[in-house]
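J.: One structure coming up, written as structure tokens, with questions to follow.
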Amino acid sequence: MRRSRAHLDDLLDGRVSSGDPLADLVAAVRAPARPTELAGLDAAMVAFASAASVAPSPEEKSPMLKSVAGRLLALKILAIAAGTAAAGGVAYAAVSGNLDHPNASGHSAVASDSSAPGSSAPGSSEGDDSSAPGGSESDEPSGSAPGSGSESDEPSGSESGSPSPSLRGLCTAWLAHPQNDTKLSTNPAYSVLVTAAGGIDSVNGYCTTLLASAHPSHPTHPTHPSHPTNAHVKSPNPHKPTTKPAHPSQAHNTKSPNPHKPSH
Amino acid sequence: MSSPAGPGHDAAAASSRPPELDDVLAAARAGDTAAFGALYRETQPRLLRYASSLVGQDAEDVTAEAWLQIARDLPRFSGDVMGFRGWTATIVRNRAFDHLRALQRRPTTTLEEFFLDRAAEPDTAVTATDNLATSAALRLIASLPADQAEAVLLRVVVGLDATTAGEILGKRAGAVRVAAHRGLKNLAKMLEAHDSLGTASEDD
Numbered sequence: 000m001r002r003s004r005a006h007l008d009d010l011l012d013g014r015v016s017s018g019d020p021l022a023d024l025v026a027a028v029r030a031p032a033r034p035t036e037l038a039g040l041d042a043a044m045v046a047f048a049s050a051a052s053v054a055p056s057p058e059e060k061s062p063m064l065k066s067v068a069g070r071l072l073a074l075k076i077l078a079i080a081a082g083t084a085a086a087g088g089v090a091y092a093a094v095s096g097n098l099d100h101p102n103a104s105g106h107s108a109v110a111s112d113s114s115a116p117g118s119s120a121p122g123s124s125e126g127d128d129s130s131a132p133g134g135s136e137s138d139e140p141s142g143s144a145p146g147s148g149s150e151s152d153e154p155s156g157s158e159s160g161s162p163s164p165s166l167r168g169l170c171t172a173w174l175a176h177p178q179n180d181t182k183l184s185t186n187p188a189y190s191v192l193v194t195a196a197g198g199i200d201s202v203n204g205y206c207t208t209l210l211a212s213a214h215p216s217h218p219t220h221p222t223h224p225s226h227p228t229n230a231h232v233k234s235p236n237p238h239k240p241t242t243k244p245a246h247p248s249q250a251h252n253t254k255s256p257n258p259h260k261p262s263h
Numbered sequence: 000m001s002s003p004a005g006p007g008h009d010a011a012a013a014s015s016r017p018p019e020l021d022d023v024l025a026a027a028r029a030g031d032t033a034a035f036g037a038l039y040r041e042t043q044p045r046l047l048r049y050a051s052s053l054v055g056q057d058a059e060d061v062t063a064e065a066w067l068q069i070a071r072d073l074p075r076f077s078g079d080v081m082g083f084r085g086w087t088a089t090i091v092r093n094r095a096f097d098h099l100r101a102l103q104r105r106p107t108t109t110l111e112e113f114f115l116d117r118a119a120e121p122d123t124a125v126t127a128t129d130n131l132a133t134s135a136a137l138r139l140i141a142s143l144p145a146d147q148a149e150a151v152l153l154r155v156v157v158g159l160d161a162t163t164a165g166e167i168l169g170k171r172a173g174a175v176r177v178a179a180h181r182g183l184k185n186l187a188k189m190l191e192a193h194d195s196l197g198t199a200s201e202d203d
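Quick note, the sequences are listed as chains R and L, same order.
Sequential numbering of the first sequence, starting at 0, is according to numbering that gives the first Met the number 0.
Sequential numbering of the second sequence, starting at 0, is according to numbering that gives the first Met the number 0.
See the structure below:
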């Protein structure tokens, strides 16, 4: 069977869905994810939440404004995924470490390891990796607007004593699981969350409340560089930006770039 | 956000990057754990299958290690979804070869030798996915000459464009295209000769 270059390019790009054995082979390696292929989801999410709590990026808030839709999409994907995984029944069993799979214990170790991201310090062999993410951006500017500095000091500036980003991340991971909580509770990665919630039975309510309250009041807007008007929002105490949470959308609602925020 | 809500129901399978995934990537970079989970779901099957072709049944361990690094370094990553795939594939590739070096204690072993070693044990080469057709197809790709195999893997399995794949392999996009085309043609010959996905050929 002769194949034109254009046809081969179509195969490489996945634009040929079927019709010959080679297309079938391409389709096979691009098949939808199997539940077992996603068994490490929990460990990865917990690692991500832990890393975020240890080293919050100064840039953390700025992309949030434009990515609200992305976040909602992500939640939708996770919700769908959770249903799929429950049907599969296998994917999340690795969380409990009870799965009689040779790699299950390995995943548990990974999860607990992730609570100390420093232990997974980049080895010398990762030199090639570090160049890709753009090492020069390690000190990302979070915007030059005066007052933006106050945002980077405390991620949850609008709520004193509010939970850390890692708890929000752990809650997101926790709520992605439809099955009973006792399995999750055996994962040491969630021990912080269970403690914070005051017990295993309280985690669902705690997380639902936390995520519902954290998102709409998230102080993302003031640091967005494309809204310089935030810098002019009058602050009741402009000389102490670090102790006064800059939250223009509350302090001066008429200037808020997005006064109608999602209510969930 | 200006990204159009396209017909993305099968977006993950397409090589072209779905625009909404850039929003998810941006949210994950900003620390959104749910978005990070969505990225994982979109990316991990690609990485796991790629790693399966490199290290066989140790692919899950390799990708799990890779995700720890991804989770740690994502806030410092800059780029779009294609760049993210390329970055994560690079991490998996480096960890896979570290793993093989440690396993075989041959620090100077070349990629070609890895592929030769693996071809000697085709039945254990790909076991990380429980999809038999996927495993068989990956095994067949892995039996190609190394340059063709990696070009096909990065283009088809990981979903990179030729330019991004070339950056990983240290080649120009044109060279990746040629290698991938040759790989596909060889795969077609194998398929025609054996008329079955389940039979890995060692012809080339």
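For glycine and all other residues, C-beta sits at the position ideal for the given N, C-alpha and C.
Report the neighbours of L47 (chain L) on chain R: residues whose CB is nearer than 7 Å to its CB, in chain order.
T.: Reading the second sequence from its first residue, position 48 is the one you call residue 47 (chain L). E36, listed in chain order.
J.: For chain L, check one thing: does any of its Cβ atoms lie closer than 9 Å to the Cβ of L10 (chain R)?
T.: Numbered from 1 along the first sequence, position 11 holds the residue referred to as residue 10 (chain R). Cβ-Cβ to chain L under 9 Å: yes for L10 (chain R).
J.: Quick check on the DSSP output: the alpha helix (DSSP H) that includes V193 (chain R) runs from which residue to which?
T.: For the purposes of this step, residue 193 (chain R) is taken as residue 194 along the first sequence, with counting starting at 1. Element bounds for V193 (chain R): S190 to A196.
J.: Since I believe I167 (chain L) is in contact with S52 (chain L) (beta carbons under 8 Å), could you give me their beta-carbon distance rounded to a whole number of angstroms?
T.: Position 53 of the second sequence, counted from the first residue, corresponds to residue 52 (chain L). Position 168 of the second sequence, counted from the first residue, corresponds to residue 167 (chain L). Contact doesn't hold; Cβ gap of about 14 Å is too wide.
J.: Please check if any C-beta of chain R sits within less than 9 Å of the C-beta of P44 (chain L).
T.: Locating residue 44 (chain L) in the second sequence gives position 45, where the first residue counts as 1. Answer yes: the Cβ-Cβ gap between P44 (chain L) and chain R drops below 9 Å somewhere.
J.: Between L:E191, L:R171 and L:G30, which lies nearest to G168 (chain R) when the distance is taken from Cα to Cα?
T.: Within the first sequence, numbered from 1, the residue matching residue 168 (chain R) stands at position 169. The option with the nearest alpha carbon to G168 (chain R) is L:G30.
J.: With I167 (chain L) as the anchor, note down where its alpha helix (DSSP H) starts and where it stops.
T.: Taking the first residue of the second sequence as 1, we reach residue 167 (chain L) at position 168. Unbroken alpha helix (DSSP H) run through I167 (chain L): A161 to L168.
J.: Mark T89 (chain L) as exposed unless 16 or more other C-beta atoms lie within 10 angstroms of its C-beta, in which case mark it buried.
T.: Mapped onto the second sequence, residue 89 (chain L) falls at position 90. Under this definition T89 (chain L) is a buried residue.
J.: State yes or no: is the beta carbon of G134 (chain R) nearer than 9 Å to at least one beta carbon in chain L?
T.: By one-based count along the first sequence, residue 134 (chain R) stands at place 135. With a pLDDT of 36 at G134 (chain R), under the threshold of 50, the modelled position of this residue cannot be trusted, and the question is left open.
J.: How about the segment 60–72 of chain L and the segment 18–29 of chain L: do they share at least three Cβ pairs that are nearer than 8 Å?
T.: Result no; under three Cβ-Cβ pairs closer than 8 Å.
J.: Please name the residues in the segment 11–30 of chain R whose beta-carbon is closer than 9 Å to at least one beta-carbon of chain L, in chain order.
T.: Within the segment 11–30 of chain R, the qualifying residues are L11, D12, G13, R14, D19, P20, L21, D23, L24, V25, A26, A27, V28, R29 and A30.
J.: Which runs of the beta strand (DSSP E) fall wholly inside the segment 24–75 of chain L and span at least 3 residues, in chain order?
T.: Those beta strand (DSSP E) runs which fall completely within the segment 24–75 of chain L and span 3+ residues do not exist here.
J.: Thinking C-alpha only, which one of L:R48, L:Y39 and L:A37 is nearest V25 (chain R)?
T.: Residue 25 (chain R) sits at position 26 when you count from the first residue of the first sequence. Looking at the Cα atoms, L:R48 is the closest of the given residues.
J.: 9 Å is my cut-off, CB to CB: does T32 (chain L) come that close to chain R?
T.: Working through the second sequence from its first residue, we reach residue 32 (chain L) at position 33. At least one chain R Cβ lies under 9 Å of T32 (chain L).
J.: Could you round the C-beta distance between A178 (chain L) and A150 (chain L) to whole angstroms and report it? I think they count as a contact, below 8 Å.
T.: For this step, residue 178 (chain L) is matched to residue 179 along the second sequence. For this step, residue 150 (chain L) is matched to residue 151 along the second sequence. So it is a contact: roughly 4 Å between Cβ atoms.
J.: Decide if S142 (chain L) is buried, meaning its Cβ has at least 16 other Cβ atoms within 10 Å, or exposed.
T.: The residue you call residue 142 (chain L) lines up with position 143 of the second sequence. Classification of S142 (chain L): buried, given that the 10 Å Cβ count is 16 or more.
J.: Run through chain L and tell me which residues come within less than 9 Å of G39 (chain R), C-beta to C-beta.
T.: As a position in the first sequence, residue 39 (chain R) is number 40, starting the count at 1. Simply Y39, Q43, L47, E59, T62, A63 and W66.
J.: The alpha helix (DSSP H) that contains D146 (chain L), what's its start and end?
T.: As a working note, residue 146 (chain L) is residue 147 in the second sequence. Unbroken alpha helix (DSSP H) run through D146 (chain L): A145 to V151.
J.: Closest to L186 (chain L) by C-alpha separation, out of L:K170, L:T87 and L:R138, would be which residue?
T.: Residue mapping note: residue 186 (chain L) aligns to position 187 of the second sequence, counting from 1. Nearest of L:K170, L:T87 and L:R138 to L186 (chain L), Cα basis: L:R138.
J.: Please name the residue in R:G197, R:L174 and R:S17 whose C-alpha comes closest to that of A33 (chain L).
T.: Residue 33 (chain L) sits at position 34 when you count from the first residue of the second sequence. That would be R:L174, whose Cα lies nearest to the Cα of A33 (chain L).
J.: Using a cut-off of 9 Å between C-beta atoms, extract the partners of T208 (chain R) located in chain L.
T.: Position 209 of the first sequence, counting from 1, holds the residue named residue 208 (chain R). Those within 9 Å of T208 (chain R) in chain L number zero; the least Cβ separation is about 16 Å.
J.: Rounded to whole angstroms, what's the CA-CA distance from G158 (chain L) to R45 (chain L)? Just pull it up for me.
T.: Looking up residue 158 (chain L) in the second sequence gives position 159. Looking up residue 45 (chain L) in the second sequence gives position 46. Cα to Cα, G158 (chain L) sits roughly 8 Å from R45 (chain L).
J.: Whose Cβ in chain L lies nearer than 8 Å to the Cβ of A312 (chain R)?
T.: Given that chain R is displayed from residue 0 to residue 263, the structure contains no residue 312 (chain R) and the question cannot be resolved.
J.: Could you tell me the alpha carbon to alpha carbon distance between L190 (chain L) and V61 (chain L), rounded to whole angstroms?
T.: As a first step, residue 190 (chain L) must be located in the second sequence, where it is residue number 191. As a first step, residue 61 (chain L) must be located in the second sequence, where it is residue number 62. Answer to the nearest angstrom: the Cα atoms are 30 Å apart.
J.: Comparing the C-beta of T162 (chain L) with each C-beta of chain R, is any distance below 9 Å?
T.: Position 163 of the second sequence, counting from 1, holds the residue named residue 162 (chain L). Answer no: the Cβ-Cβ gap between T162 (chain L) and chain R never drops below 9 Å.
J.: So with CB distances below 7 Å, who are the chain C contacts of R154 (chain L)?
T.: In the structure shown, chain C cannot be found, because the protein chains are R and L.
J.: Quick check on Q103 (chain L): buried or exposed, where buried means 16 or more other Cβ atoms within 10 Å of its Cβ?
T.: Working through the second sequence from its first residue, we reach residue 103 (chain L) at position 104. Counting Cβ neighbours within 10 Å, Q103 (chain L) comes out exposed, since fewer than 16 surround it.
J.: Assign G168 (chain R) to one of three DSSP states: helix, strand, or coil.
T.: To locate residue 168 (chain R), count along the first sequence from 1; it is residue 169. In this structure, G168 (chain R) counts as helix in the three-state DSSP scheme.
J.: Whole angstroms is fine: what's the gap from F35 (chain L)'s alpha carbon to G78 (chain L)'s?
T.: Locating residue 35 (chain L) in the second sequence gives position 36, where the first residue counts as 1. Locating residue 78 (chain L) in the second sequence gives position 79, where the first residue counts as 1. Between F35 (chain L) and G78 (chain L), the C-alpha separation is close to 15 Å.
J.: Between the C-alpha atoms of A195 (chain R) and F47 (chain R), what's the straight-line distance to the nearest angstrom?
T.: As a position in the first sequence, residue 195 (chain R) is number 196, starting the count at 1. As a position in the first sequence, residue 47 (chain R) is number 48, starting the count at 1. The straight-line gap from Cα to Cα measures roughly 19 Å.
J.: Use the C-beta contact count for P74 (chain L): other C-beta atoms within 10 angstroms, 16 or more gives buried, fewer gives exposed.
T.: Walking along the second sequence from the start, residue 74 (chain L) turns up at place 75. Counting Cβ neighbours within 10 Å, P74 (chain L) comes out buried, since at least 16 surround it.
J.: Give a yes or no on whether the minimum CB-CB distance between G55 (chain L) and chain R is below 9 Å.
T.: One-based indexing of the second sequence puts residue 55 (chain L) at position 56. Output row for G55 (chain L): interface = no.
J.: How would you label S212 (chain R), buried or exposed, when you count the other beta carbons within 10 angstroms and need 16 or more for buried?
T.: In the first sequence, the residue the question calls residue 212 (chain R) occupies position 213. Counting Cβ neighbours within 10 Å, S212 (chain R) comes out exposed, since fewer than 16 surround it.
J.: Between which two residues does the alpha helix (DSSP H) carrying L11 (chain R) extend?
T.: Stepping through the first sequence from its first residue, residue 11 (chain R) is reached at position 12. Looking at the DSSP string, the run of the alpha helix (DSSP H) that includes L11 (chain R) is R4 to L11.
J.: Look at the Cβ atom of A22 (chain R), then the Cβ atom of V28 (chain R), and state whether they are nearer than 9 Å.
T.: Taking the first residue of the first sequence as position 1, residue 22 (chain R) is located at position 23. Taking the first residue of the first sequence as position 1, residue 28 (chain R) is located at position 29. No, these two residues do not count as a Cβ contact at 9 Å.
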